[in-house]
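>
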Amino acid sequence: MKLEASPTGFFGEFGGAYVPEMLYPNVKELQERYLEIIHDATFECEFQSLLRDFAGRPTPLFRAATLSRLHGCEILLKREDLLHTGAHKINNTIGQILLAKRLGKTRIIAETGAGQHGVATATVCALMGIPCIVYMGEVDMQRQALNVGRMRLLGAEVRSVTSGSKTLKDATNEAMRDWIANPHDTHYIIGSVVGPHPFPDMVARFQSVISAEIKEQCQAAYASLPTHVIACVGGGSNAMGGFFHFIEEPSVELIGVEAAGCGVSSGRSAATIALGRNGILHGSRTLFMQTADGQVEEAHSISAGLDYPGIGPQHAHLHTVGRVTYVQATDAEALSGAKTLARREGIIPALETAHAVAHLSKMSFKPTDKVVLVVSGRGDKDMGTYLEAFGGRISDDN
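Numbering that gives the first Met the number 0 numbers the first residue of the sequence shown as 0 and each following residue consecutively.
#1: With C-beta atoms as the reference, is Q218 less than 9 Å away from F243?
#2: Considering just the uninterrupted stretch of the alpha helix (DSSP H) at V202, what are its terminal residues?
#3: Here's the rule: buried if 16 or more other CB atoms are within 10 angstroms of the residue's CB, otherwise exposed. What is V208?
#4: What are the complete alpha helix (DSSP H) segments, minimum 4 residues, inside the segment 358-392?
#5: What are the start and end residues of the beta strand (DSSP E) that includes T105?
#6: Mind checking whether A273 and Y325 have CB atoms under 9 Å apart?
#7: According to DSSP, is P24 helix, strand or coil?
#8: On the CB-based measure, 16 or more other CB atoms within 10 Å of its CB, does K380 come out buried or exposed?
#9: Excluding the five sequence neighbours on either side, which residues of its own chain have a C-beta within less than 6 Å of the C-beta of I403, listed in chain order?
#10: Within 8 Å, do at least three Cβ pairs link the segment 287-294 to the segment 352-371?
#11: Among the residues of its own chain, which have a CB less than 7 Å from the CB of P366, if the five just before and after it don't count?
#12: Just to confirm the assignment, what range does the alpha helix (DSSP H) spanning V232 have?
#13: Quick one: Cα of E297 to Cα of S223, how far?
#14: Which runs of the alpha helix (DSSP H) spanning at least 4 residues fall entirely within the segment 102-144, listed in chain order?
#15: Looking at G233 and A258, is the spacing between their C-beta atoms short of 9 Å?
#16: Three Cβ pairs or more, each shorter than 8 Å: is that satisfied between the segment 243-252 and the segment 380-389?
#17: At the level of alpha carbons, what is the spacing between A113 and A119?
#18: Measuring CA to CA, which of V256, F198, A121, I229 is closest to G154?
#19: From F9 to D200, what distance separates their C-alpha atoms?
#20: Give the C-beta separation of R142 and A303 to the nearest angstrom, bearing in mind that I take them to be a contact with Cβ-Cβ under 8 Å.
#21: Is it the case that the Cβ atoms of P225 and V370 are separated by a distance below 9 Å?
#22: In the segment 2-88, which residue ranges form an unbroken alpha helix (DSSP H) of at least 4 residues, counting only runs that do not cross its ends?
#23: Are T166 and D306 close, meaning C-beta to C-beta below 9 Å?
#24: Look up S250 in the DSSP assignment and say whether it is helix, strand or coil.
#25: Under 6 Å Cβ to Cβ from I254, same chain only, skipping five residues before and after it: list those, please.
#26: Could you tell me how far apart the beta carbons of F80 and G345 are, in whole angstroms, since I believe they sit closer than 8 Å?
#27: Within the same chain, show all residues whose beta-carbon is closer than 6 Å to that of K214, passing over the 5 residues directly before and after it, in chain order.
#28: Tell me which residue opens and which closes the alpha helix (DSSP H) that I179 is part of.
#29: Would you give the residue range spanned by the beta strand (DSSP E) that T285 belongs to?
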């Protein structure tokens, strides 16, 4: 199957652009020009040059020897955590800042949960000399204080959001309000495959470099495709990047791991695929967690980057047609997954990635399997949470 947006931005029944009238000219301009711009040879050359020389691509595909022995197959880690800024988010922000410049925008806004997208946006704005405002929930600012400091050092203004659950959903709401108020000079760099068309398709294209490299690296090392690709899913950009070039390869099993929080049925979860219903959230039709009367339900995850009640429309579509299997990992399982990767392979992952690591222990593999796990980000930003969760006794806990 192909994963292509319709002319109106739909993937099956999901997608589209449901925006206020004030934003229609901006969204329409993006819809009409984004493909023309990103397919331009000069744009592509500059984009690839910055990915290589500024961000540090290609990232390694690392054979995790201890995990491979533990699971009886080849476990391969796609090391997006080694990119500049520490996560896959820089792939998208480089693409979008180049797009914004070509559209003549002079002001950038963004939303962030875990702070990695905020840092990546602040980074490219500093590089290009463009003012940057990042909206971040008050709760996330407290648990991701390191990234708040990084953004401010890079010159960004970080605006605290105190409405709702004070997390990613609410930061997105405030960024949307800003864009409505400043439609002429401002470009909104959305951080995931969410929002009105063309953002889901555009972000997926910029992140597809992940699966393009996986494909090339697996062919070079094993003369074959991977048998599985596993990635964590919040809004879903690192997963979409990791899946993109394998959608039409039926031999490759694709697995997205959502945040179950305290448990899927606990009332404190962010497992959108498991709990969500069809509706319109942040400008597109997708699946999101709703109350009985259709209001957005608050999400919970120990991971700020997965603490979101919705999911990108491509993921909703891929779930509906059965191309991707979506599973869940709890907070406790994610913490265990983080410790496993740290102890077994010397890699401290972001809490988001730790959810994907946790799912490995629930699977059975054949000796011939080649399992790629996308390490979406590094765990520096989550050390406060790790220390608190493990009671400061990490060194004593084996």
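By construction, the Cβ of each residue, glycine as well, lies at the ideal position given by its N, Cα and C atoms.
In brief:
#1: no
#2: 198-206
#3: buried
#4: 382-388
#5: Unbroken run through T105: none, as it is neither H nor E.
#6: yes
#7: helix
#8: buried
#9: Residue 403 lies beyond the range of the chain shown here (0 to 397); nothing can be said about it.
#10: no
#11: Sequence-distant partners of P366 (beyond 5 residues in either direction) whose C-beta falls short of 7 Å from its own C-beta, in its chain, are G71, C72.
#12: Looking at the DSSP string, V232 is not in any alpha helix (DSSP H), and its letter there is neither H nor E.
#13: 42 Å
#14: 115-127, 137-142
#15: yes
#16: no
#17: 11 Å
#18: A121
#19: Looking at the two C-alpha atoms, the distance is approximately 10 Å.
#20: Rounded to the nearest angstrom, the Cβ distance from R142 to A303 is 6 Å, consistent with a contact under 8 Å.
#21: In contact: P225 and V370 (Cβ atoms closer than 9 Å).
#22: 23-37, 40-49, 64-70
#23: yes
#24: Looking at S250 - three-state DSSP - the assignment turns out to be coil, as it is neither helix nor strand.
#25: Same-chain partners within the cutoff: I229, T324.
#26: The sequence given here places Asp at residue 80; Phe does not occur at that position. Actually they are not in contact, since the Cβ atoms of D80 and G345 sit about 12 Å apart, beyond 8 Å.
#27: H244
#28: Counting along the chain, the alpha helix (DSSP H) containing I179 begins and ends at 167-180.
#29: 283-287
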